[in-house]
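Read the structure below first, then the notes.
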Amino acid sequence: MSKVVTIRIITALMLVSLTLVGSDCEDIINQVTQDPCTAGDITGNWTYIYNSGTLMDICPGEVVNFPNNTGGTATLTCPNQSGIARNYTVSGQTLTYTETSVQYQICFDDQGHLVLKGLNTARTLYYSSSISDKKITEGNVSNDKKASNINSSEITK
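By the working numbering, the letter at position 76 of the sequence shown is numbered 76, and the numbering carries on one by one without gaps.
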C-alpha cells in the first residue's frame, strides 16, 4: 500500500472514532454537570429565594402555598400584592400549572430547598420553607417600581 492510501485509511478511522468518543464524552459531561434530583413533598408554604436560568422575571419574595402533594389550587403571592390562585397537578416529579401549561421538575437539594427546574420555560427556581431563609429573602425585596410582578406560574409576558 502506498503512503497516501494508508493516510486516508487512518484519517477515515479517526473521523469515525471521533463521533463515537464524542458521544461518550457528552454522556459523561452531562452526568457530571447535572445535579441529582431528590424527590420530596411540596405541601406547604415556600418562599422564593433565587432564580437561575435565562429568565430572571419572578417577583422577589414570592410565596407559594401548595395545599397537597398531588394537585389542587396553589396560591402564589408577590409582596404587597393580592395572591392569585392557580390550579396545578403533580405527576411523578412533574408539577404542571394547568391554566398556563408551565411545567417544572420537582427536586430538593441537600439543604431541603424546593428546586423547580423549568421543563418548558428557561427558569430554575429555588424556594425555602425555613424562617431564616425567609428573613433573608424579605430583606432583599426591592421597593423599585420596576421590580417584576410576574409569578412562577406564568410564562414571560
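Just so you know, even glycine gets a beta-carbon here, dropped at the ideal spot from N, CA and C. Fair warning: this is a prediction, and the values are worked out from it, not measured in the lab.
Requested in this report: Look at the alpha carbon of D41 and the alpha carbon of N69, and state the distance between them as a whole number of angstroms.
Outcome: 6 Å
**Report entry** Close Cβ partners of V115 (< 6 Å) along its chain, the five nearest in sequence each way excluded
**Finding:** C107, D109, Y126
Query raised in the report: What is the DSSP secondary structure of I42, reduced to helix, strand or coil?
Result: coil
Report task. In the DSSP assignment, find the beta strand (DSSP E) that holds C107 and state where it starts and stops. Result -> 102-108
Query raised in the report: According to DSSP, what are the bridge partners of N51?
Result: L125
Query raised in the report: Under 8 Å, do F66 and G92 count as touching if we go by C-beta distance?
Result: no
Query raised in the report: Within 10 angstroms of its Cβ, does K3 collect 16 or more other Cβ (buried), or is it exposed?
Result: exposed
Query raised in the report: Which residues bound the beta strand (DSSP E) around N87?
Result: 84-91
Query - Rounded separation between Y88 and G61 - CA only - result: 21 Å
Query - Same chain, Cβ closer than 7 Å to T98, five either side skipped, listed in chain order - result: N87, Y88, T89
**Report entry** Straight-line gap, T54 to A39 (C-alpha atoms, nearest Å)
**Finding:** 24 Å
Query raised in the report: Between the beta-carbon of N120 and the beta-carbon of Q105, is there less than 8 Å?
Result: no
Query raised in the report: Rounded to a whole number of angstroms, what is the C-alpha to C-alpha distance between N80 and S17?
Result: 60 Å
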